[in-house]
Amino acid sequence: MTAAPAPAPAAVPSVVPARTRMPGPQRLRQMSSTVGWGVVAWVVGIAFFLPVLWMVITAFKPESAAETWPPKFTFSPTLAEFRLVFSGWGPYVTHSAIATIGSTVLVLVLGVPAAYALAVHPIKRWRDGLFFFISTKMLPIVAAIGPLYVIALKAHLLDSIWLLIILYTAMNLPLAIWMIRSFMLEVPSEMLEAARLDGAGRFREITEVIMPVVSPGLVSTALICVIFAWNELFLALNLTVTNAATLPMFLISSVPQEGLYIAHLSAAATVASVPVILVGWIAQRSLVRGLSMGAIK
Amino acid sequence: MAVVETGAAPPSVAEVRPRGGGRRDAWQRRLPLLPALIYTIVVTQIPFLVTLWYSFQNYFFDVPGGAHWTGLSNYKQVFTNAAFRGALWRSVIMTVSAVIVAMILGVLFALLLDRKFIGRSVVRTLIITPFLIMPAAAALVWAGPMLDPNFGLLNYLLQPFGVHHVAWLSTHALGSVIVVMIWQWTPFMTLIVLAGLQGQPTDALEAAKVDGAGALATFRELTLPHLRPYIELGILLGSIYLVNVFDAVRLMTNGGPGTATTNLPFYLYEQVNNAFDVGGAAAAGVVTVILTIIVATFALRMFARVFQFEEAA
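Chains as they are written, first to last, in the numbering used here: chain A, 130 to 426; chain B, -7 to 305.
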């Protein structure tokens, strides 16, 4: 079995001729079954999306309309809560962006050569190497949080954005190496052979043969790193206070001790989630590929 | 850390072994790996070594004078501590139930999405969204607008079924947290299984159809075996992330009521942040790591199987 990158509609041609030959009633049954399953899929999809939709709807409510029974579905939408969120999120979103982009770039810089050494010209014990990286993912970082705090304190890295970049890189690197390696395995060996016969050195081999093939894979790898780094709370909560506090911490700070806050919270949650949701939606295919084709190899 | 050696030949894409340069060649091969390897060892292993060190120390943040050696007393405390055992047990329940349910739903959703229907890509987009939303945001939105006993949407939607103002987070805390975990990870499972379905060779399915095999039999005999490595992979990756779930616990229930939803990550967090007990948390952490290694050894075997699968192709 090869998890070949098979695009979705590959199954179509064999079905079409059969359908045209089908007698009336059977065709009708098939059609109604198609419609039926389609309806089921839509219901499931909407049900799954409902909490997100409700979050966005609540974000547009005035605070007084957010905590009512029965819940209000008609109200005059307001941007008041969004304005409030945007007035306070500046430092947090900056920290989140720096930590996310910084760690993702570092992951790629470290991960691409490592994957190369595990796939294209593999070291002898590439399997051990790969398993080492994967095994670090299995050690629960929460177990070391106290000592991590002490180390950060002594290294003067507590509450610094560098600390988050360093830790997020380590957090995402194993999965990234694993994925990039599998994308590199898809480089046809004939292409590498041809390049070598052409007298291409390692450098040209990487820039001219490998990179063009794996760059879509790198995009999906980067995407997954971005999602995990952007959404990370545990480390940020334990190791930062103000100078490096990220968006998830901004969210927590939007829950006050008293008073009405549900609309405000929903607006903050929407704003914090939207960047990754949008990127994820746009790059869906790449995401699927990264998680599966890449992962399975 | 246990590493499984299966002894198969590496899938070298281009085998180059210049004569006489064996050693130099080996180092040339290793060189690109070293930065990532050293980085990972330094950043991920040193904190655990320090954890090991502190696990033998009496060290409280709020007690002046710093750490001093106490031998095994931290460990004695961990093993006699019912709170730790409870947290461990709840971690297992939460992870196992969330992973299994998310995977079952993931397979079902993937089967739905593998069919052709109007608006398929829109439905896929809707279904993957919970995976993309920030877990902290998900936890807070579920805790407030969705599950609140007085104005939550869920109680409203369940009203026709005789549900009236249930305080989910007080009466069904563990279940509620697990539901949110499932909600966030089902899309991930769906995507992995869907990719598996779409990579399935269609000729075998056609042949089964011609042979008059029923849909269920085809699924059991053909599709499920094909999906197996994908399902294993989803379970593995899902477990790795779900065993560390913290956001939902901290933000939905704060570990409560009582300790009803305190899992290991939250327990360790509290040890450090509320009890300031670095030594105790370190010992609990070491025990956690040892347990994880035992589980991970089995998990890595599974990885090895996935790899063999790949090479058999």
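By construction, the Cβ of each residue, glycine as well, lies at the ideal position given by its N, Cα and C atoms.
Whole angstroms is fine: what's the gap from T253(B)'s alpha carbon to A373(A)'s? 29 Å
Inter-residue Cα distance where the pair is W359(A) and M378(A): 11 Å
When the cut-off is 8 Å and only beta carbons count, does F101(B) lie next to chain A? yes
Apply the 10 Å Cβ neighbour rule to N367(A) and answer buried if 16 or more other Cβ atoms are within range, or exposed otherwise. buried
Closer than 8 Å by beta-carbon distance: list the chain A residues that pair up with D239(B), in chain order. L362, F363 and P377
In the DSSP assignment, the alpha helix (DSSP H) including K283(A) goes from what residue to what residue? I274 to K283
Cross-strand partners of H60(B) (DSSP beta bridge): N50(B)
Contact with chain A by W134(B), beta-carbon distance below 8 Å: yes
Can you check DSSP and say which residues form a bridge with D269(B)? F52(B)
Neighbourhood of V240(A) by C-beta, 7 Å cutoff - its chain only, sequence neighbours within 5 removed: What sits at residue 240(A) in the sequence shown is Gly, not Val. The residues are L302, A305, I306 and I309.
Could you give the first and the last residue of the continuous alpha helix (DSSP H) run that contains F363(A)? F363 to L368
Nearest CA to the CA of I326(B): which residue from M267(A), G165(A) and P154(A)? Outside the displayed span of chain B (-7 to 305) sits residue 326(B), for which this structure offers no information.
I'd like to know if I96(B) contacts chain A, where contact means its C-beta is closer than 8 Å to some C-beta of that chain. no
Taking 8 Å as the cut-off, decide whether the C-beta atoms of L186(B) and V91(B) are in contact. no
Am I right that T187(A) and A195(A) are in contact with their C-beta atoms under 8 Å? What's the rounded C-beta distance? 5 Å
If you drop the 5 nearest sequence neighbours on each side, which residues of the same chain put their C-beta closer than 6 Å to that of S289(A)? A373
May I have the straight-line CA-CA distance separating P138(A) from I110(B), to the nearest angstrom? Because P138(A) carries a pLDDT of 44, less than 50, the predicted location of this residue cannot be relied on, and the following value inherits that uncertainty. Between P138(A) and I110(B), the C-alpha separation is close to 14 Å.
Using the Cα positions of P306(B) and Y390(A), report the straight-line distance between them to the nearest angstrom. This structure cannot settle anything about residue 306(B), because the visible part of chain B is limited to -7 through 305.
Within chain C, partners of K283(A) - CB distance below 8 Å: Chain labels in this structure do not include chain C; the protein chains are A and B.
When you compare each of I170(B), S168(B), W175(B) and Y222(B) to F192(B) by their alpha carbons, which one comes out closest? According to the sequence provided, residue 192(B) is Gln. The question's Phe does not apply to it. Among I170(B), S168(B), W175(B) and Y222(B), the Cα nearest to that of Q192(B) is on Y222(B).
Can you pull the chain A residues whose beta carbon is under 8 Å from the beta carbon of N66(B), in chain order? Correct list: empty, because the minimum Cβ distance to chain A is about 11 Å.
Given I280(A) as reference, the closest of I38(B), A240(B) and L139(B) once Cα atoms are compared: I38(B)
Is there contact here, the region 209 to 219 of chain B with the region 128 to 138 of chain B, by at least three beta-carbon pairs under 8 Å? no
With 16 other CB atoms within 10 Å as the buried threshold, where does D269(B) fall? buried
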